[in-house]
Amino acid sequence: FFSFPPPKSMAGDGGRSSSKLGWVHGMALVVGSIVGSGLFVSPGDVFAMSGSVGVGLAVWLLAGILCLIGGLCYAELGCTVERSGGEYAIFYELLGRPAAFAFAWMSFWVQAPASISILAITFARYVGVVVFSGLDPESDVDGDWRVKAVASGAIMSVGIFNSFGVEGGAILNTTLTALKMVAVLGVILMGLSQVGTGYVNFEDAFVPNDKISTGGSPGMIGLSVIAALWSYDGWNSLNYLTGQLDEPSKTLPRCILWGMLLVIAVNVLTNISFLLILDPETVATSQALAINAGEKVFGKWGGYTMSFVVAFNVYGVLQTCLMAYPHIYNEAAVDGLFPAFLNDPERDISLAAIWIPLFLSLVMTLFGSFTVLSQVYAVALYIFYALAMVCLIQVRRKGLPSDYRVPFYPFLPLLFIACSVALVVNALVTAPLQSIGGVSFCLLSVPLYLWVDRHRGEESGGLLNPALASSGD
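Just so we're aligned: 225 in my numbering is position 209 of the sequence shown, and the numbers increase by one with no gaps anywhere.
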């Protein structure tokens, strides 16, 4: 039960059933994993630190382009490896088992439970605005037992839905994404309906606005880009299900390209809508923009409606997270790096790979801090994002075959590496305790990997993937 089986090089998807997802489900996963809470929470930080309306909108566009670059680089990596597991599969096939184990370890204990917990708490905040009297989503309500109860219920519900398999989860996710886009379109139309009603927020758009903040310096604009990047997180989600895609060499790059272009358009248009409804000062300081906008246009019930719109969007992202993360642990079990019970050859996804991270997220929800979780999560994740771009450079250097090549190589991966390093350095400076904790947790994987490798003995095949060792160089 707790055995570590010998690895299966280029193992595909562990012998599980052959459910295949087409471009509709693939694009829904890309869009659904991004369009959520960040779109309604991050604008305040972005506009406050950018210092003006015009620069703030440019930041939203720039952050989207950076994530599109990352997505296209991941598309080439996915077409090279062609197995599920995201960064885990990439590291296993291109860097070897130590790096793959480090990512799987971080994902199992930090990435999956922390992100699920953060999303569930955000969902509960906005549901609570309508359901519970006196609850303000802009205040610190994470310790409220009602918020924790609703968040726990949301976590349990997505676990039940995804227990029916990848295909069932994909159908649910596609449905939720379609409904989310209708809801976001309503927000955009609500803003456009205010054109010509008196606000002049776009006059002198690039002139620094002292009423917003003291931002606008190059350093502060850089921080605003980082804030906007949070809203685009999830651009790599389709790589976690590469092995489940129909014709991944075509589906993966197509879905990432068009999905990201749609997300960029939605994010920019939604922010324009907020600025058409609300004054820049409100946009720069509010953490509940959708509610403020709804109340401004339709009164109290408009605010309640927007609360449900945000909650619904967040729930959709929660669903896509649980579709993606368990594939990492299935693949790690197939390769002998995680216990065998995390891989079930009879199912698309192991129930243990779904419910154990969910249990950890419940613990974080009940006893953790929203702010600490997000800071530890971000610094650990962007270390591995940068490492994935190093893998792309190795793919080109070794001449490995791929049906898709990212354009403007090596400029695009090097640019993304620089942005990832900047985010990690910024986190180390602004939140050193949490950031060092995230880095230390990743480093803890080193002695644990050595123990696992020794436990499996000579069957492990050494420290490097045999496919990499035989590829030359």
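Where a beta carbon is used, it is the ideal one built from N, C-alpha and C, also for glycine.
In or out: residue i buried (at least 16 other Cβ within 10 Å) or exposed?
i      : result
Trp76  : buried
Ser456 : exposed
Thr138 : buried
Ser240 : buried
Ala434 : exposed
Gly169 : exposed
Arg363 : buried
Val203 : buried
Tyr281 : According to the sequence provided, residue 281 is Ala. The question's Tyr does not apply to it. It is exposed - the Cβ of Ala281 has fewer than 16 other Cβ atoms within 10 Å.
Leu205 : exposed
Ser131 : buried
Trp251 : buried
Trp490 : The question about residue 490 has no answer, for the chain in this structure spans 17 to 489.
Gly259 : buried
Val422 : buried
Pro373 : buried
Val198 : exposed
Pro296 : buried
Ser366 : buried
Gly38  : exposed
Gly101 : buried
State the Cα-Cα distance for the pair residue i and residue j, rounded to the nearest angstrom.
i      : j      : result
Asn442 : Leu397 : 14 angstroms
Tyr108 : Gly207 : 47 angstroms
Pro264 : Arg99  : 9 angstroms
Ala340 : Tyr420 : 22 angstroms
Leu188 : Ala304 : 27 angstroms
Gly478 : Gly112 : Here Gly478 scores only 31 on pLDDT, less than 50, and its place in the model should not be relied on; the value that follows carries that caveat. Taking the straight line joining both Cα atoms gives about 9 angstroms.
Leu460 : Gln127 : 15 angstroms
Ile81  : Leu55  : 16 angstroms
Pro68  : Ser49  : Here the sequence assigns Ser to residue 68, which means Pro is not the residue at that position. In a straight line, the C-alpha of Ser68 is about 29 angstroms away from that of Ser49.
Trp317 : Ser436 : 41 angstroms
Pro59  : Leu135 : 17 angstroms
Phe328 : Leu430 : 36 angstroms
Pro269 : Leu261 : 11 angstroms
Gly70  : Ala244 : 14 angstroms
Thr267 : Gly42  : 7 angstroms
Ala115 : Leu334 : 27 angstroms
Ile176 : Arg413 : 44 angstroms
Gly511 : Tyr425 : Residue coverage of the chain in this structure runs from 17 to 489, which leaves residue 511 outside it and unanswerable.
Val350 : Phe180 : 21 angstroms
Lys196 : Val143 : 16 angstroms
Ala300 : Val313 : 19 angstroms
Val174 : Asn346 : 18 angstroms
Lys36  : Leu294 : 45 angstroms
Phe18  : Ser123 : Confidence is the limiting factor: at Phe18 the pLDDT is only 43, short of 50, which leaves the residue's position unreliable, though a coordinate-based value still follows. Their Cα atoms are separated by approximately 19 angstroms.
Asp469 : Met380 : 30 angstroms
Met276 : Tyr256 : 16 angstroms
Ile288 : Ala438 : 28 angstroms
Leu464 : Cys458 : 11 angstroms
Leu292 : Gln210 : 6 angstroms
Going by DSSP, what residue range makes up the alpha helix (DSSP H) through residue i?
i      : result
Tyr420 : Per DSSP, Tyr420 belongs to no alpha helix (DSSP H) and is neither H nor E.
Leu135 : Ala128 to Val147
Ala309 : Leu305 to Phe314
Ala165 : Trp161 to Asn178
Phe375 : Leu367 to Phe383
Leu110 : Glu103 to Leu110
Trp121 : Arg113 to Met122
Which of the three DSSP states is assigned to residue i in this structure?
i      : result
Leu93  : helix
Pro361 : coil
Val211 : coil
Asp351 : coil
Ser426 : This sequence places Pro at residue 426; Ser is not what is there. In the structure shown, Pro426 sits in coil (DSSP, three-state: anything other than H, G, I, E or B).
Trp251 : coil
Pro21  : Because the pLDDT of Pro21 is 47, which lies under 50, any placement of that residue in the model is unreliable, and the question is left without a value.
Glu98  : coil
Ser302 : coil
Asp295 : coil
Tyr341 : coil
Leu88  : helix
Val330 : helix
Ser58  : coil
Val460 : With the sequence shown as reference, residue 460 is identified as Leu, and Val is not the correct amino acid for it. Here Leu460 sits in coil by DSSP.
Based on the DSSP secondary-structure assignment, which residues constitute the bridge partners of residue i?
i      : result
Leu261 : Leu37
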